[in-house]
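Undergrad: Going down the list, the sequences are from chains P and B. Using this note's numbering, you'd call the opening residue of the first sequence number 146 and step up by one each time. Using this note's numbering, you'd call the opening residue of the second sequence number 9 and step up by one each time.
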Amino acid sequence: MQVEEKKEFRPKIVAFCCNWCSYAGADLAGSSRLVYPADVKIIRVPCSCRVNPMFILRAFERGADGVILCGCHPGDCHYTTGNFYARRRMTLLFSMLDFIGVENGRTRVEWVSAAEGAKFSATMNEFVEKIRSLGENVRLGDLRCRN
Amino acid sequence: MQELIKRAKELLADGTAARVLGWRRGDLPYNPEPAFFEKEEDFDQFVYDGFCGANLSKMMIEACKLEGKTAVCLKPCDTYSFNQLLKEHRVDREKAYIIGVGCRGKLDIEKIRAQGVKGIQGVSGAEIDGPDELQVQTIYGDKTVPYASAMLGRCHVCKGKEHMICDEIIGESRETQDADRFDEVRAIEAMSPEERFAYFKKELSKCIRCNACRNACPACSCRKCVFDSNKFDSAQKANVDSFEEKMFHVIRAFHVAGRCTDCGECSRVCPQGIPLHLFNRKFIKDIDELYGEFQAGKDPEAKSPLTDYRFEDAEPGIVGKRG
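Structure (structure tokens):
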């Protein structure tokens with residue numbers, strides 16, 4: 146007899162965090178003992194502007210269910226203007242993903258400063274909840290990357 | 009066409025240009041191909057008619073590396089692409105002599121076939137100053153097709169009859185716009201996400217990854233292309249998964265976002281008839297709505313929207329709110 150194990154859906158979430166604000170914000174969330182789900186995998190980037198739209202697509206291809214980009218607040222970029230460019234790029238990319246029929250809400254951009262540990266944890270909790278409600282990413286995944 | 013040939017021969021003879029970039033007769037009566045003309049006798053093959061849809065701007069990148077000036081025939085919409093390449097320092101204005109050629113809309117043989125005309129052996133009336141009706145010779149006899157009904161999709165949203173940049177103009181141009189540029193994009197936006205997903209899956213699954221769209225695109229002018237890298241999964245091979253086509257086409261369109269002049273070459277050259285211009289046009293529509301109207305290649309001084317910013321730009325979350 147086989148016992149069917151009921152597995153809870155655990156989303157895979159990639160968070161690109163800029164080195165100067167959001168990564169420090171995540172650090173603060175940790176040292177302040179604020180909780181956010183372990184489903185969030187953080188990738189540290191020098192600046193939100195470093196995130197090429199291909200990174201986002203690649204993350205989805207490799208099985209991510211949601212991708213979130215965090216950077217310094219507009220005007221506070223360590224490199225002065227990086228996040229302004231990132232903002233335009235991401236707006237266009239998200240609009241295109243919406244256009245080809247990918248569920249809205251799988252992608253998100255949030256500005257988190259180094260002092261906003263609480264915002265970081267709240268954002269991640271909220272985002273994970275959203276992805277849980279959307280379910281597994283089937284529209285953007287690559288079949289070969291499924292196990 | 010005779011006037012154009014005469015002038016091109018003159019330019020070669022008086023040393024203004026070392027070669028002329030134009031179109032020569034192809035294997036079939038309706039597929040002329042781009043070609044260089046260096047000697048007077050070469051011009052026996054020269055052709056310029058309604059089927060000369062190819063945008064010669066991109067070939068100027070290579071032509072500018074050759075010795076001497078190149079005289080190039082550009083249609084009004086091609087001059088936008090040339091302007092854009094000039095802005096990106098990919099072509100050399102000193103090495104180009106631009107002959108602005110007249111245009112009254114370019115033809116698509118598939119549009120003629122779609123009207124039930126089979127076994128085409130020849131088409132007459134496709135000349136630049138020809139009549140409003142095409143005479144199509146087929147193995148089943150002659151057929152008549154209205155010129156406007158056989159035009160390429162891009163000519164129905166013509167950008168205008170003005171040449172943005174040229175040294176001289178030969179022949180009359182006519183504006184052929186009879187539809188709104190963003191109608192097709194709006195129609196897709198009005199669908200539900202499921203329908204949109206199904207639509208693009210249907211269209212993009214036809215893709216055979218021949219890279220014709222990339223090779224023809226005047227904005228795709230990188231010396232080294234990401235799709236030629238063997239480190240990249242979707243490089244130069246058939247698709248194994250449906251996501252790859254989407255990834256390829258979204259990236260291709262993103263790489264030219266803000267620089268695409270909407271010349272429509274991608275859709276014209278696609279052997280599978282995928283409406284690739286929809287991706288580019290969606291980006292143009294978004295840019296126009298969010299960052300102000302912008303036509304790449306119109307103003308050589310204007311900053312491209314993706315290399316510019318304003319403090320009060322919309323946040324990416326606007327995508328979800330607009331619906």
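Beta carbons are placed, not taken as given, at the ideal position from N, Cα and C, and that holds for glycine.
My output table needs one value for L93(B): the three-state DSSP class, helix, strand or coil.
TA: L93(B): helix per DSSP, three-state reduction.
Undergrad: Quick check on this structure: which residue in D116(B), V165(B), G133(B) and L20(B) has the alpha carbon closest to the alpha carbon of K47(B)?
TA: L20(B)
Undergrad: Quick check: the segment 212-221 of chain B against the segment 275-293 of chain B, are there 3 or more CB pairs under 8 Å?
TA: The segment 212-221 of chain B, when compared against the segment 275-293 of chain B, does touch it at the 8 Å Cβ threshold.
Undergrad: Which residues does DSSP pair with D150(B) in a beta bridge?
TA: Q145(B)
Undergrad: Taking only three categories from DSSP, how would you classify L286(B)?
TA: helix
Undergrad: Does any residue of chain B bring its CB to less than 8 Å from the CB of G216(P)?
TA: no
Undergrad: Taking all protein chains shown into account, do 16 or more other C-beta atoms lie within 10 angstroms of the C-beta of Y148(B), making it buried, or fewer, making it exposed?
TA: exposed
Undergrad: Give me the Cα-Cα distance between V129(P) and M68(B), rounded to the nearest whole angstrom.
TA: Examination of residue 129(P) is not possible in this model, given that chain P is present from 146 through 292 alone.
Undergrad: Pull up the distance between the alpha-carbon of Q185(B) and that of A171(P), whole angstroms please.
TA: 54 Å
Undergrad: Put L222(P) into one of helix, strand or coil per three-state DSSP.
TA: Strictly speaking, residue 222(P) in this sequence is Cys, with Leu absent from that position. Reduced to three states, the DSSP call for C222(P) is coil.
Undergrad: Could you pull out every residue in the same chain whose Cβ sits closer than 8 Å to the Cβ of E135(B), ignoring the five residues on either side in sequence?
TA: M9, D57 and G58
Undergrad: Measuring only between beta-carbons, confirm whether E202(B) sits less than 8 Å from chain P.
TA: Judged by the 8 Å Cβ criterion, E202(B) is in contact with chain P.
Undergrad: Check Y56(B) in the structure and name its three-state DSSP category.
TA: In this structure, Y56(B) counts as coil in the three-state DSSP scheme.
Undergrad: The beta strand (DSSP E) with F324(P) in it runs from where to where?
TA: No information on residue 324(P) is available, as it lies outside the stretch 146 to 292 that chain P covers here.
Undergrad: Less than 8 Å between CB atoms is the rule here; does M235(P) satisfy it with respect to chain B?
TA: At least one chain B Cβ lies under 8 Å of M235(P).
Undergrad: By the criterion of Cβ-Cβ separation under 9 Å, what are the contact partners of D210(P) in chain B?
TA: Within chain B, no residue comes near D210(P); the closest Cβ sits about 14 Å away, beyond 9 Å.
Undergrad: Starting from the Cα of D150(B), find the closest Cα among R162(B), E170(B), G124(B) and N223(B) and give me that residue.
TA: G124(B)
Undergrad: For a test of the three-state rule: what should DSSP assign to C268(B), helix, strand or coil?
TA: It is coil, neither helix nor strand.
Undergrad: Quick one: residues in its chain with C-beta nearer than 6 Å to the C-beta of Y224(P), no 5 flanking neighbours on either side, listed in chain order?
TA: C192
Undergrad: Give the straight-line distance between the Cα atoms of S200(B) and A206(B), rounded to the nearest whole angstrom.
TA: 10 Å
Undergrad: Do C81(B) and V109(B) have their beta-carbon atoms positioned less than 8 Å apart in this structure?
TA: yes
Undergrad: Just to confirm, is the Cβ distance from I106(B) to C166(B) under 8 Å?
TA: no
Undergrad: Please list the partners that L298(B) has in chain P, where partner means a Cβ-to-Cβ separation under 7 Å.
TA: T236
Undergrad: Are F51(B) and A79(B) close, meaning C-beta to C-beta below 8 Å?
TA: Their beta carbons are not under 8 Å apart, which means F51(B) does not touch A79(B) by this criterion.
Undergrad: Could you tell me which of K95(B), A156(B), F44(B) and L94(B) sits nearest to I117(B), measuring between CA atoms?
TA: A156(B)
Undergrad: Let's test the definition: count the other Cβ atoms within 10 Å of the Cβ of A198(B) and tell me whether it reaches 16, buried, or not, exposed.
TA: exposed
Undergrad: Over the uninterrupted alpha helix (DSSP H) stretch that includes L82(B), give me the two end residues.
TA: DSSP places L82(B) in no alpha helix (DSSP H) but in the uninterrupted beta strand (DSSP E) bounded by T78 to L82.
Undergrad: Using a Cβ-Cβ cut-off of 6 Å (strictly less than) and excluding sequence neighbours within five positions of G76(B), which residues of its own chain qualify?
TA: A26
Undergrad: Is there a C-beta anywhere in chain B that falls below 8 Å from the one on S176(P)?
TA: No Cβ of chain B is located within less than 8 Å of the beta carbon of S176(P).
Undergrad: Quick one: is Y180(P) buried, meaning 16 or more other Cβ sit within 10 Å of its Cβ, or exposed?
TA: According to the sequence provided, residue 180(P) is Val. The question's Tyr does not apply to it. The residue in question, V180(P), is exposed, as its Cβ has fewer than 16 Cβ neighbours within 10 Å.
Undergrad: So, under 8 Å CB-CB, A231(P) and G216(P) are touching, yes? Tell me the CB distance rounded to an integer number of Å.
TA: 6 Å
Undergrad: CB-CB under 8 Å to A339(B), same chain, minus the five flanking residues each way: which ones, in chain order?
TA: Residue numbering for chain B in the displayed model covers 9 to 331; residue 339(B) lies beyond these limits and cannot be assessed.
Undergrad: Does the distance from the C-beta atom of I13(B) to that of F44(B) stay below 8 Å?
TA: no
Undergrad: So, H218(P) versus W165(P), is the Cβ gap smaller than 8 Å?
TA: no
Undergrad: Within 10 angstroms of the Cβ of D86(B), are there 16 or more other Cβ atoms? Answer buried if so, exposed if not.
TA: Around the beta carbon of D86(B), 16 or more other beta carbons lie within 10 angstroms, which makes this residue buried.
Undergrad: Would the beta-carbon of P198(P) fall within 8 Å of that of R233(P)?
TA: no
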